[in-house]
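All remarks here apply to the structure that follows.
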Ligand code: HEM
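Numbering (the working numbering), first residue to last: -4 to 262.
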């Protein structure tokens, strides 16, 4: 299902202004991912407060020394927290929601992964162009963000190098890691593929790593939304929701001609 033709520039943006900037599949999978991610965060937080202590190795409980403790109240009265009260226990629905949202995320991610490989979206729009693969290129973009300079018209049709690095990091490092460490917490996965749990250092190590990878995903989310705001929140959100961009047909050819957007040169 090739969707990137010489008539479609980076991120599906309009060489023909009627062409949506983001294809329907990218938009739908993006928003399902966001929904699943927030469901995972909320339910994960509920699961976390049932035992806000972290360990390393195979086992860990209130009788063993934790690696570190989060100084928050717990929903279980046997967990020592220093607080004189116990939070309401919401573990039942939280665990169901966590597993369901995780599978939704995995399946959506698979559809998206097949799509970006099959259509060339990964190569054309997400991999940084060779000319942009340097610290200098990234620093130039950071400086532009810090100076609050408005994005160049060409940027309305493509991702800059920082966005591309962030997307690749989240797609190929953080999501695979969070799924792996999450699966490692399942007793059935542990008994079926013990090796995948052992190389993480055991079930408790997997839980600790799952927590840190989640933190990294939250950091990505904050930076990602900040970049969307700095690039023009309304325009970017409109494009990601409806596919429409406000770029006038007059600016589109200039964007395509821009030598700084190597992916457009290749498109
Ligand atoms: C964990 C949650 C999120 C993940 C993993 C994520 C991931 C991504 C990825 C991979 C892309 C590039 C899509 C492509 O072209 O194939 C993207 C684009 C985008 N995302 Fe997200 N996103 C998340 C949350 C959000 C949220 C909460 C918002 C809005 C508040 C948002 C708004 C956007 C917008 C507007 C774009 C297009 C950026 C542009 O045109 O410059 N995302 N996101």
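Beta carbons: idealized from backbone N, C-alpha and C, even for Gly. None of the values given here were measured: they were computed from a predicted structure.
Note to self: Buried or exposed for residue 49, going by 16 or more other Cβ atoms inside 10 Å?
What the structure shows: For the purposes of this step, residue 49 is taken as residue 54 along the chain shown, with counting starting at 1. Its Cβ being crowded by 16 or more others within 10 Å, residue 49 is buried.
Check: Can you list, in chain order, the residues of its chain whose CB lies under 6 Å from that of residue 67, leaving out five sequence neighbours each side?
Finding: By 1-based counting over the chain shown, the position of residue 67 is 72. Excluding positions up to five away in sequence, the list reads 47.
Check: In terms of residue numbering, what span does the alpha helix (DSSP H) encompassing residue 147 cover?
Finding: In the chain shown, counting from the first residue as 1, residue 147 sits at position 152. Note, residue 147: premise wrong, no alpha helix (DSSP H); not H, not E.
Notebook entry, point to check: Cα-Cα, which of 209, 75 and 190 is closest to residue 313?
Noted result: Outside the shown range of the chain (-4 to 262) lies residue 313, about which nothing can therefore be said.
Checklist line | Nearest residue (CA-CA) to residue 24, options 180, 117, 240 and 102 | finding: Along the chain shown, one-based indexing puts residue 24 at 29. Here the closest residue by C-alpha is 102.
Note to self: Taking its Cβ as the centre, do 16 or more other Cβ atoms sit within 10 Å of residue 44, making it buried, or is it exposed?
What the structure shows: In the chain shown, the residue the question calls residue 44 occupies position 49. So residue 44 ends up on the buried side.
Note to self: Given the structure, does residue 14 come close to the ligand HEM, in the sense that its CB is under 7 Å from one of the ligand's heavy atoms?
What the structure shows: Taking the first residue of the chain shown as 1, we reach residue 14 at position 19. Not so, every heavy atom of the ligand HEM lies at least 7 Å from the Cβ.
Notebook entry, point to check: Fully enclosed by the segment 146 to 170, which beta strand (DSSP E) runs are 3 residues long or longer?
Noted result: none
Checklist line | Simplified DSSP assignment, three categories, for residue 94 | finding: Position 99 of the chain shown, counted from the start, is the residue given in the question as residue 94. In the structure shown, residue 94 sits in a helix (DSSP, three-state: H, G or I).
Checklist line | Cβ contact (3+ pairs, closer than 8 Å) linking the segment 148 to 158 and the segment 178 to 190 | finding: Output reads no: the segment 178 to 190 does not touch the segment 148 to 158.
Margin query: At the level of alpha carbons, what is the spacing between residue 201 and residue 240?
Written below: Stepping through the chain shown from its first residue, residue 201 is reached at position 206. Stepping through the chain shown from its first residue, residue 240 is reached at position 245. Going by the C-alpha atoms only, they are around 43 Å apart.
Next item on the list: Over the uninterrupted alpha helix (DSSP H) stretch that includes residue 41, give me the two end residues.
Entry: Locating residue 41 in the chain shown gives position 46, where the first residue counts as 1. 19 to 43 is the span of the alpha helix (DSSP H), which, as asked, contains residue 41.
Notebook entry, point to check: Start and end of the alpha helix (DSSP H) containing residue 183?
Noted result: Position 188 of the chain shown, counting from 1, holds the residue named residue 183. That run of the alpha helix (DSSP H) goes 182 to 187.
Next item on the list: Taking only runs that begin and end inside the segment 190 to 240, name each unbroken alpha helix (DSSP H) of 4 or more residues, in chain order.
Entry: Taking only runs of at least 4 residues, the alpha helix (DSSP H) segments lying wholly in the segment 190 to 240 are 198 to 237.
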